[in-house]
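To keep things clear, I will list the structure first and then write my remarks on it.
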Amino acid sequence: MEEREISRAVVERLPVYYRYLRDLIDEGVERISSQELSRIMHVTASQIRQDFNHFGGFGQQGYGYNTQYLYDEIGKILGLDEEHTMVLVGVGNLGSALVGYMNYRKRGFIFKAAFDIDPELIGQELSGIRIHPVSELKEYLMKNPVDIVVIAIPKQHAVRVAEEISSCPIKAVWNFAHTDLPMPEQIQVENVHLSDSLMKLSYSIRRNETRK
């Protein structure tokens, strides 16, 4: 497949397609048209075809899409056919929940270690992974192959950690701190602001109420 620039909107829809296709496969659906997928996902059939055409199409005229093949191909595009190693920084409620979420492991995202500043936690295990002092984070990243660093600590500490690991051979940062973390170009960053999602929901509630 020829490399091309894909819009952020298309990329954000790929995991949604992937999730719906998994449900269809579990229900025994072997083939689906763009019109049928449109009704399920509330995305126009034209948009679905345009999205898939960015990657070669996947369908056949008059047949539609083979759900298992489409699921597998989207998984490859998302890099889910490879294993990704991860470490967690911040063993609080959110961090612990992230490590304990088994679907990550099923999709190839494997936590290898956790780091925290609490001396009572250091040396313990969290869902089978060892908790290390955060002072050892950079050394660990320099010595062990880690793809993704998951940051789940307050923003004032997150900025300092980001600066410390910016020279490490990692590929990405999944950031849950309440601030956007600037990183070198070679390190991809996904800043997740849970409060933004909640505020969008609040806006939708307000808009719905004004229509009544």
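So in the working numbering, spot 92 of the sequence shown is number 126, and the numbers just go up one at a time. Here a beta-carbon is modelled for each residue, glycine too, at the ideal position from N, C-alpha and C.
State the CB to CB distance for the pair residue i and residue j, rounded to an integer number of angstroms; the pair is presumed to be in contact (CB under 8 Å).
| i | j | result |
| --- | --- | --- |
| Val184 | Val125 | Not confirmed; about 11 Å, so no contact. |
| Asp150 | Val133 | Not a contact, Cβ separation roughly 12 Å. |
| Val223 | Asn242 | At roughly 33 Å, the Cβ-Cβ gap does not stay under 8 Å, so Val223 and Asn242 are not in contact. |
List the DSSP bridge partners of residue i.
| i | result |
| --- | --- |
| Asp150 | Pro167 |
| Phe143 | His118 |
| Val184 | Leu122 and Trp208 |
| Ile112 | Position check: residue 112 holds Leu in this sequence, whereas Ile was assumed. Paired residue(s): none; Leu112 is not in a bridge. |
| Glu159 | Arg164 |
Here's a check: name, in chain order, each residue in its chain whose Cβ is nearer than 7 Å to the Cβ of residue i, leaving out the five neighbours to either side.
| i | result |
| --- | --- |
| Glu37 | With a pLDDT of only 45 at Glu37, under the threshold of 50, the placement of this residue in the model should not be trusted, and no figure is reported. |
| Tyr54 | Ile74 and Met75 |
| Leu114 | Arg141 and Gly142 |
| Met35 | For Met35, the pLDDT reaches just 41, beneath the cut-off of 50, and the residue's location in the model is therefore unreliable, although a value from the coordinates is still provided. Phe89 and Gly90, listed in sequence order. |
| Ala79 | Ser68, Gln69 and Ser72 |
Residue range of the alpha helix (DSSP H) that residue i falls in?
| i | result |
| --- | --- |
| Ile199 | Lys189 to Ile199 |
| Asn242 | Leu228 to Thr244 |
| Asn225 | Premise fails: Asn225 lies in the beta strand (DSSP E), Gln222 to Asn225, not in any alpha helix (DSSP H). |
| Asn127 | Asn127 to Gly134 |
Excluding sequence positions up to five away, which residues of its chain have a Cβ less than 8 Å from the Cβ of residue i?
| i | result |
| --- | --- |
| Ser19 | This structure cannot speak to residue 19, because the chain is shown only from 35 to 246. |
| Gly109 | Tyr52 and Asp115 |
| Tyr103 | Phe92 |
| His227 | His212 |
| Pro188 | Ala211 and His212 |
Please go through the same chain and pick out, in chain order, the residues whose beta-carbon is closer than 6 Å to the beta-carbon of residue i, but skip the five residues on each side of it.
| i | result |
| --- | --- |
| Ile163 | Phe145, Ala147 and Ala148 |
If you measure from the CB of residue i, is any heavy atom of the ligand NAD nearer than 7 Å?
| i | result |
| --- | --- |
| Asp106 | Among the components modelled here there is no ligand, and therefore nothing to report on the ligand NAD. |
Report task. Quick one: which unbroken alpha helix (DSSP H) runs of 4-plus residues sit fully inside the region 37-101? Chain order, please. Result -> The alpha helix (DSSP H) runs of length 4 or more contained entirely in the region 37-101 are, from start to end of the chain, 42-60, 68-75 and 79-87.
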